[in-house]
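What follows is a single structure, written as structure tokens, with notes after it.
Protein chains: 4
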Amino acid sequence: MYNFRSDYLEGAHPSILNKLMETNTEQTVGYGEDYYCEEAADIIRELINNDNADVHFVVGGTQANMLVISSILRPHEAVIAVSSGHINVHETGAIESVGHKILTVKGKDGKLRPCDIEYVLSLHTDCHMVKPKMVFISNSTEIGTLYTLDEIQALSRCCDENNLYLYLDGARLGSALCSEINDVELRHLARYCDIFYIGGTKNGALFGEAIVINNDELKEDFRYLIKQKGAMLAKGRLLGIQFLELFKEDLYFELAAHANAMAMKMKEGLDKLGFEFFTDSYTNQLFVIIDNDLVKEIEKKYQVTFFETYDETSSVIRFVTSWNTPESVIDEFLLDMKDLVG
Amino acid sequence: MYNFRSDYLEGAHPSILNKLMETNTEQTVGYGEDYYCEEAADIIRELINNDNADVHFVVGGTQANMLVISSILRPHEAVIAVSSGHINVHETGAIESVGHKILTVKGKDGKLRPCDIEYVLSLHTDCHMVKPKMVFISNSTEIGTLYTLDEIQALSRCCDENNLYLYLDGARLGSALCSEINDVELRHLARYCDIFYIGGTKNGALFGEAIVINNDELKEDFRYLIKQKGAMLAKGRLLGIQFLELFKEDLYFELAAHANAMAMKMKEGLDKLGFEFFTDSYTNQLFVIIDNDLVKEIEKKYQVTFFETYDETSSVIRFVTSWNTPESVIDEFLLDMKDLVG
Amino acid sequence: MYNFRSDYLEGAHPSILNKLMETNTEQTVGYGEDYYCEEAADIIRELINNDNADVHFVVGGTQANMLVISSILRPHEAVIAVSSGHINVHETGAIESVGHKILTVKGKDGKLRPCDIEYVLSLHTDCHMVKPKMVFISNSTEIGTLYTLDEIQALSRCCDENNLYLYLDGARLGSALCSEINDVELRHLARYCDIFYIGGTKNGALFGEAIVINNDELKEDFRYLIKQKGAMLAKGRLLGIQFLELFKEDLYFELAAHANAMAMKMKEGLDKLGFEFFTDSYTNQLFVIIDNDLVKEIEKKYQVTFFETYDETSSVIRFVTSWNTPESVIDEFLLDMKDLVG
Amino acid sequence: MYNFRSDYLEGAHPSILNKLMETNTEQTVGYGEDYYCEEAADIIRELINNDNADVHFVVGGTQANMLVISSILRPHEAVIAVSSGHINVHETGAIESVGHKILTVKGKDGKLRPCDIEYVLSLHTDCHMVKPKMVFISNSTEIGTLYTLDEIQALSRCCDENNLYLYLDGARLGSALCSEINDVELRHLARYCDIFYIGGTKNGALFGEAIVINNDELKEDFRYLIKQKGAMLAKGRLLGIQFLELFKEDLYFELAAHANAMAMKMKEGLDKLGFEFFTDSYTNQLFVIIDNDLVKEIEKKYQVTFFETYDETSSVIRFVTSWNTPESVIDEFLLDMKDLVG
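Protein chains in written order, with the working numbering: chain A, 1185 to 1526; chain B, 1185 to 1526; chain C, 1185 to 1526; chain D, 1185 to 1526.
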């Protein structure tokens, strides 16, 4: 039974495991101060075209969000996000647990717009309310959409004008950057975001997210926060080695491109079969409107995620492809679907 | 240059990496709900002789301490520990960052005694002070000593009498359990501790600590806390697989026994050469009093840790052996020392 | 220039000041353990018909909310409130600052309904999301409406069925209890709420809120939380004396009834002049729809609060009457309004 | 039975109550933005000779400490204090509850010295430990001693050299400033402390502490913190009016001088009777070594505080005099003591 529920269901790309094997008995200093981490950071600095960036590796995305936000904000400062944002819904209150309110707006297509930010700002006008200080976006978003360069630039401008920090959660940044409609590059993020992270867990690493700090003001003592929030891995090199494998050549982008290609093939096939889509995704997550009876049939052979009720008889179903989804699985799935709707 | 600075300087025991390799392309459900985690938990329950225990796997020790304590204590409740306790000194205020005061006492030989607990209790008598509610101990301790079964029982009794929870940090539990003078077994911990963890990171895993909750009152919603504190690994099976390898047979104990044997060989050798020891350790950490000039000589060939100043001309130096320290390195080290002191 | 902006703009009812004067040189034990506090607590227990309740006095409402919630909830637990709830908008993130997420729903007429609670519950289903554990309501609400006994009972039932605590913020409880359409009594709150507070600050005290804990489970160590959150007044008797004055006879209810009567007189007068109301209030807050040009005229003589934009040419303006609003001011105000709209 | 247990056992100086009475029916804007608060702040700025200081009024000392520290420190930063410091012992973990570790040293005579600070700094050297960032002192101290100008200057210099903020808790600042051996003036605090507070509660106010921020870096958004921590009084003018009464002429200093004079008279009398003192206090707190049997006799007529055990047969007993202690009480007390020891 093939599982389309997420992109973290397998281990890691074999070259990562091989490198872990190969380096296994080396002794290195702990806590991320080894040469693998340093080299991986250098390569990332080069890729994003910002020699001056600080790069830190942590194990997971909730960790990254919690520690970035708690490092940057004072107690009365809040973060603006779309209602569907991961920090708002799916992190068990991690951001509030470190003391900060998330100010949510609906946004459009899962994305935040300058007008959304301005609306939130217009409501927060005195010291009886929290003070918005950071904007949180994800690329790709929770519903598989992605930001254009124009949109990122507009958000950055809006943040500058309003004295807000722009933070981009890149748990699925690979998929965004490798989407066929994408026009954003890593160097743009280094220029327009104060801070962002490059997700490894959902793109072929065993685990790992690379936090990139571009704004000098936000760099001080970041490692103290990493340690305090339990995000400092003793054998820190495990993170350096993985990011090195992903970025020393183009592996990171190849894996993301593969996941996207599998999703696009699925999308095209479902489109031909007459399915409609809840969001127009060009990344590795598809949100398909499916009749509830048909969902039951599909679930006999595939694991999928119920996203939300569409109407009385149908649901929005999420399919996620990964760096490791075989093309043959997509072919078979589309044949199965053809049979089912035939 | 061999590095004696810690026991987390290498990767993992090869059988762990092999198993990760072997299971790499399997798809499993995420977040620790896979069958590897379930099986590892079952094996641990059997080992500790407590079918009823809850077992959770997290990545690191600071994480484990932070989430255990924040899960259990109300905001005004505090934890009692020795001054040298890891939570007090080396976690960048992680416990305070989740709101709790650590009440410290000196203890004896790095260990907490019932009289220490009673002294702290005698000082905390009304609502203007925090309320002691948990006792934190490490086994083996930060200075390589270990608790006897009598001592653990006495602490447990003292906690029961005073309505305190007993929590044992087992970052180096393997070394304690396999020490030649040890009389504590895992099943004792399940009986006398409300909660404890079994450390993997410092005993041959890539990373990972297994939290065992024995007290039913402390079990509710623990997974919520794991998630909130950023300690829930997406590819949770990585933890299950590792603990399965460590415990399905005796690997965990063999690795710890090896680390201890190397330390004991080093201890015996240094003793013969006339060195004195700061603590009488029977685990994988030695604290040796060494003349400062000699330290400089040693550091030309070995990496060691300065622990504290002993007197004007000498220091306490920490040596740590690991699951992977070759016996030949110890032999060579002792020959080198003989030359140096000759 | 008369100020209708709030009900905390003057000092206290003279009998309170007189009593403070009279008792000024007495020496009493501090921190709320004096006999004035004890007597005030006794009287409140009698009034609410619950001998078993714990009663604690604190200085202000944000304090009360912050400490009640932090005392009761574990870190992953959240509180359900209407979007307009005071804790959500006007406490500068106090609740998040002690670690808890507020889950908001729109509600109806500023009030929360069982269906709102059930909707929130339906969205929070696993450990990746916070766990709703408390329901927060205000009576009267932020927009001057009030709960009926039926509604309170229904909420209580819904909370019982779903293992939620019901907490009522009574910053303006006096006005609610003395409204002409009210059918809720204090003894009902003792029966249906796990915890609630009786507001003094907005009903004739210098300051002070009386927190009443009915649910035995929530009583333990509450004074520790009061102290920790900075809410324990050194000269605690100042709170006891004030609540004693308010409740030893019917002063509290007389003051609230007066404030309501002034608002109802204003409402009737404005109604006759053809004004429309944004909410149908029977308490001491009126929300009136007024043409923007007219607002400017009113502001030449009265201080009022802009609440929100109604349409392109008019606004919702909030008028608040107090225990001390002279009837002559209402008369004059209505004459002025008649002139302005004449 | 006269009570020597503290200086907050009575109400307020009558002129404060009279002023509250006199201004009672005025309507003023809430939350500390009224003209009484403004005028009180102006007078304080003049007194401390710093036009540029920000002055904020809050209700109590724990509040002041909690909000000052949480406003200033980032999550990994810690505060250095003597072990006996109020924040360490008597605030129910308020500082830890907002996330910060208190690093304690014994100090000397209840006071912190530059060498103590340097010792703490020497122990905190990397990101695995908290980062000391603030120094907390009280004047007068918890044991009635006081800092000289030289000592304050030396601490200030030490803080400057080590990039630490100096914060002075002035809960009993009046008593310190009016001590016969004092050489510190308010203008020195404005020059040498980054932030300090002037205590009202223990010197004749109903309640109230005036926080003075001298360092521009620490001023931003402080009112947000006041609100968030529940320290913003709705009827804020109550604080302004009180501090105005205390400082518009010399009332604050007269009251403190009286309390000190009563303590000094008691000290002289006890000295003549042969008593020994645990600390050499020149403020309104005396710590007297008394035989345990004698303590029992004293307690028949006076309420006093057991401070600590001195030896097997005697205790350290704390006596506190206040702005309102009648001289006749001291006379009578000394006669009683003469009888008892006669």
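C-beta: ideal position from N, C-alpha, C; glycine also.
Residue i - containing alpha helix (DSSP H), residue span
i                       : result
residue 1248 of chain D : 1245-1256
residue 1478 of chain C : 1476-1482
residue 1367 of chain B : Neither: residue 1367 of chain B is in no alpha helix (DSSP H) and is coded neither H nor E.
residue 1390 of chain A : Looking at the DSSP string, residue 1390 of chain A is not in any alpha helix (DSSP H), and its letter there is neither H nor E.
residue 1229 of chain B : 1219-1231
Minimum Cβ-Cβ distance from residue i to chain C less than 8 Å
i                       : result
residue 1411 of chain B : yes
residue 1448 of chain D : no
residue 1196 of chain A : no
residue 1280 of chain A : yes
residue 1262 of chain A : yes
residue 1359 of chain B : no
Any chain B beta carbon closer than 8 Å to residue i
i                       : result
residue 1391 of chain A : yes
residue 1414 of chain A : yes
residue 1312 of chain C : yes
residue 1403 of chain C : no
residue 1291 of chain D : no
residue 1408 of chain C : yes
residue 1315 of chain C : yes
Beta-carbon contacts of residue i that lie in its chain and below 6 Å, excluding the five residues immediately before and after
i                       : result
residue 1448 of chain A : none
residue 1446 of chain C : 1505, 1509, 1514
residue 1300 of chain D : 1289, 1291
residue 1293 of chain C : 1329
residue 1459 of chain D : 1472
residue 1340 of chain D : 1350, 1376
Short CB-CB distance (under 8 Å) between residue i and chain D
i                       : result
residue 1571 of chain B : In the structure displayed, chain B extends from 1185 to 1526; residue 1571 of chain B sits before or after that span and is not available.
residue 1210 of chain C : yes
residue 1305 of chain C : no
residue 1418 of chain C : yes
Closer than 8 Å to chain A by CB, residue i
i                       : result
residue 1243 of chain B : yes
residue 1276 of chain C : yes
Selection from the options that minimises the alpha carbon distance to residue i
i                       : options                        : result
residue 1330 of chain B : B/1520, B/1185, B/1470         : B/1470
residue 1245 of chain B : B/1460, B/1278, B/1265, B/1213 : B/1278
residue 1393 of chain A : A/1423, A/1524, A/1503, A/1190 : A/1423
residue 1338 of chain C : C/1231, C/1460, C/1298, C/1420 : C/1298
residue 1216 of chain C : C/1383, C/1198, C/1240, C/1204 : C/1240
residue 1323 of chain A : A/1383, A/1404, A/1437         : A/1383
residue 1243 of chain D : D/1419, D/1307, D/1399, D/1483 : D/1419
residue 1410 of chain D : A/1233, A/1467, A/1259, A/1335 : A/1259
Extent of the continuous beta strand (DSSP E) to which residue i belongs
i                       : result
residue 1383 of chain A : 1379-1383
residue 1275 of chain B : Looking at the DSSP string, residue 1275 of chain B is not in any beta strand (DSSP E), and its letter there is neither H nor E.
residue 1266 of chain D : 1261-1266
Same chain, Cβ closer than 7 Å to residue i, neighbours up to 5 away in sequence not counted
i                       : result
residue 1247 of chain A : 1413, 1415
residue 1317 of chain D : 1257, 1261, 1262, 1348, 1349
Contact set for residue i: own chain, Cβ-Cβ below 8 Å, skip 5 residues either direction
i                       : result
residue 1196 of chain A : 1388, 1389, 1390, 1426
residue 1187 of chain B : 1193, 1486, 1487
Supposed contact pair residue j and residue i - C-beta distance, whole angstroms, cut 8 Å
i                       : j                       : result
residue 1265 of chain A : residue 1362 of chain A : Actually they are not in contact, since the Cβ atoms of residue 1265 of chain A and residue 1362 of chain A sit about 24 Å apart, beyond 8 Å.
residue 1351 of chain C : residue 1378 of chain C : 6 Å
residue 1253 of chain B : residue 1282 of chain B : 7 Å
residue 1276 of chain D : residue 1312 of chain B : 6 Å
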